[in-house]
Each structure stands twice: as structure tokens, then as C-alpha cells.
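1 is the number of the first residue of the sequence shown in UniProt numbering; add one for each residue after it.
To start, the structure itself, in C-alpha cells.
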Amino acid sequence: MIVAAALPLVAEYGAAVTTSRIARAAGIGEGTIFRAFKDKDELLDACVAEAVGTDHVLRELASISLDEPLAARLAEAAEALRAHMERMGTVVGALHASGHRRGRGIGIGSRDGEAPLPDSRGGEAAPPDRRAGETPPPDSRAQSVTALRNAVIELLEPDRAAFRLSPEKVAAAFLALLFTRLQTPAPVPEADAPLTPDELIDVLLHGTLNAPGSA
Numbered sequence: 001m002i003v004a005a006a007l008p009l010v011a012e013y014g015a016a017v018t019t020s021r022i023a024r025a026a027g028i029g030e031g032t033i034f035r036a037f038k039d040k041d042e043l044l045d046a047c048v049a050e051a052v053g054t055d056h057v058l059r060e061l062a063s064i065s066l067d068e069p070l071a072a073r074l075a076e077a078a079e080a081l082r083a084h085m086e087r088m089g090t091v092v093g094a095l096h097a098s099g100h101r102r103g104r105g106i107g108i109g110s111r112d113g114e115a116p117l118p119d120s121r122g123g124e125a126a127p128p129d130r131r132a133g134e135t136p137p138p139d140s141r142a143q144s145v146t147a148l149r150n151a152v153i154e155l156l157e158p159d160r161a162a163f164r165l166s167p168e169k170v171a172a173a174f175l176a177l178l179f180t181r182l183q184t185p186a187p188v189p190e191a192d193a194p195l196t197p198d199e200l201i202d203v204l205l206h207g208t209l210n211a212p213g214s215a
């Protein structure tokens with residue numbers, strides 16, 4: 001309850017948010033916070049862990065009906081993952097910008113909550129700017145990526161026979177395209193704008209040729 005109340009405030013104020021403001025938002029006394037957390041830093045770390053945790057987005061992916069058309073299933077998955085990444089980036093970015101440097105032990109990335117990205121094989125791509133000498137993150141980041149990939153595979157399973165590739169490879173390609181799109185900085189020239197979700201799904205399912213063998 002405390003973390004849920006704190007998350008939007010952390011996203012807005014970063015590490016400058018006060019425990020008294022969080023207590024008011026949660027409808028509790030400030031002392032209750034310090035019975036649950038030893039200090040504000042521990043509460044902020046809990047907020048980071050909640051923001052980057054995959055439980056919520058996995059529930060959303062699991063709730064997508066397999067009776068829907070494939071493209072619709074993938075569109076819903078793309079929106080759920082976009083919202084997850086946006087929340088993660090907002091919370092972690094606000095804390096990083098305001099000087100909070102803890103939370104490295106919860107498996108969230110190479111730098112203060114940097115989000116992991118799947119590579120072209122569906123595994124995790126190491127961020128290119130890892131600081132020299134920094135201890136590699138624990139396996140929980142790779143486990144999170146695997147859990148997301150498995151959830152997408154489940155959405156693809158009803159159409160397994162329609163794919164030229166295995167659902168495992170299609171899921172890896174979907175996540176790679178999606179996370180690359182979400183990482184594209186904005187604003188960008190229109191010609192370099194990232195694929196829209198519909199364009200991304202169309203490329204994934206049909207490629208970029210007008211017709212197979214037309215090139």
C-alpha cells in the first residue's frame with residue numbers, strides 16, 4: 001500500500017519526495033512508513049523494485065484472450081509492455097536525475113535501474129555503456145526477460161502452424177522490435193520515426209515486401 005501510494009509521487013518528485021507527502025497519499029501516519037522501512041532510501045529502493053518488476057505486466061499478458069485474432073493479441077501485448085517500460089523509465093529516471101543511486105542489487109539493469117533489453121536471440125543484450133569495473137547484475141534481469149518472452153510465446157501458440165519460424169523465435173523478434181522502438185529517442189525526424197505498434201506487428205507478421213518473392 002505504501003509503495004503503491006509512493007510510486008506516482010516518486011515519478012513526479014524523484015528522491016526529493018518526502019515521507020510525510022507519501023504518508024498523506026497513503027492515508028497513514030508518517031511513523032507507519034518507518035515501521036515498514038528502515039529509512040526513505042529503503043522505501044525508494046522498494047519503489048524501484050516495484051516499477052521494474054514484471055508481475056503486473058505478466059498478469060496483463062496472461063489476461064489477453066487467445067480467442068482474439070493474432071494481430072489483436074500482439075497489439076494488446078505491445079501496449080501492456082509499452083506501459084510497463086514507460087512506468088519503469090519514469091520512476092527510475094526521476095530517481096536517477098534527483099541523485100538516488102541505490103537499488104543496484106535487485107536485478108534491474110547496469111546503471112541505477114536501467115531496463116534490460118532482449119537481444120535478437122531473445123536473451124538479454126548487455127547495455128553498451130556499462131561502466132568499467134561494474135559488477136554484472138544478477139540473473140533476475142535475464143529471468144524477467146525470459147518470463148516476458150514465455151508470456152508472448154503463449155499468445156502465439158494458437159497460431160503455431162501458421163508460422164515459418166517457431167513461436168519462440170517469433171516472440172524473440174517481437175520483443176526485440178518492440179524494445180528497440182521504445183528505446184528510440186524523441187523527437188526524431190519523421191523519416192527516422194520508430195515504427196508504430198501496428199506497423200511493427202505488420203512487419204513481424206508479413207515482412208516489408210508487397211508480396212513474397214516480389215523483390
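For glycine and all other residues, C-beta sits at the position ideal for the given N, C-alpha and C.
Bear in mind the structure is a predicted one, so any value in this text is a computation, not a measurement.
Residue i burial status per 10 Å Cβ neighbour count (16 or more: buried)
{"i": "Ser20", "result": "exposed"}
{"i": "Thr54", "result": "buried"}
{"i": "His206", "result": "exposed"}
{"i": "Gly14", "result": "buried"}
{"i": "Val92", "result": "buried"}
{"i": "Val52", "result": "buried"}
{"i": "Val203", "result": "exposed"}
{"i": "Ala94", "result": "buried"}
{"i": "Ala78", "result": "buried"}
{"i": "Ala161", "result": "exposed"}
{"i": "Ala80", "result": "buried"}
Backbone CA spacing between residue i and residue j [nearest angstrom]
{"i": "Asn210", "j": "Ala25", "result": "54 Å"}
{"i": "Phe179", "j": "Val3", "result": "26 Å"}
{"i": "Val48", "j": "Glu168", "result": "29 Å"}
{"i": "Ala36", "j": "Ala16", "result": "20 Å"}
{"i": "Glu154", "j": "Lys40", "result": "39 Å"}
{"i": "Ala171", "j": "Gly89", "result": "23 Å"}
{"i": "Ala6", "j": "His100", "result": "15 Å"}
{"i": "Leu61", "j": "Glu157", "result": "14 Å"}
{"i": "Arg82", "j": "Glu30", "result": "34 Å"}
{"i": "Val145", "j": "Glu50", "result": "16 Å"}
{"i": "Ala1", "j": "Pro8", "result": "Residue identity check: residue 1 is Met in the sequence provided, not Ala. One C-alpha to the other measures close to 12 Å."}
{"i": "Leu175", "j": "Val152", "result": "9 Å"}
{"i": "Leu182", "j": "Asp159", "result": "26 Å"}
{"i": "Lys38", "j": "Val10", "result": "18 Å"}
{"i": "Ile22", "j": "Asp45", "result": "14 Å"}
{"i": "Asn150", "j": "Phe34", "result": "38 Å"}
{"i": "Leu43", "j": "Thr32", "result": "12 Å"}
{"i": "Arg87", "j": "Ile201", "result": "22 Å"}
Alpha helix (DSSP H) runs contained entirely in the segment 14-94, provided each spans 4 or more residues: Along the length of the segment 14-94, whole alpha helix (DSSP H) runs at least 4 residues long occupy 19-26, 30-36, 40-52 and 55-62, reported in chain order.
Inter-stretch contact at 8 Å, needing at least 3 Cβ pairs: the segment 192-204 / the segment 58-68: The segment 192-204 makes no contact with the segment 58-68: fewer than 3 CB pairs, one atom from each, lie closer than 8 Å.
Contact between the segment 73-93 and the segment 194-203 (3+ Cβ pairs under 8 Å): Cβ pair count under 8 Å is three or more, so yes.
Segment contact, 8 Å Cβ cut-off, at least three pairs: the segment 138-149 with the segment 160-167: No: fewer than three Cβ pairs fall under 8 Å.
Runs of alpha helix (DSSP H) wholly within the segment 148-209 (minimum 4 residues, chain order): Fully enclosed alpha helix (DSSP H) runs of no fewer than 4 residues occupy 167-183 and 197-206 of the segment 148-209, in order along the chain.
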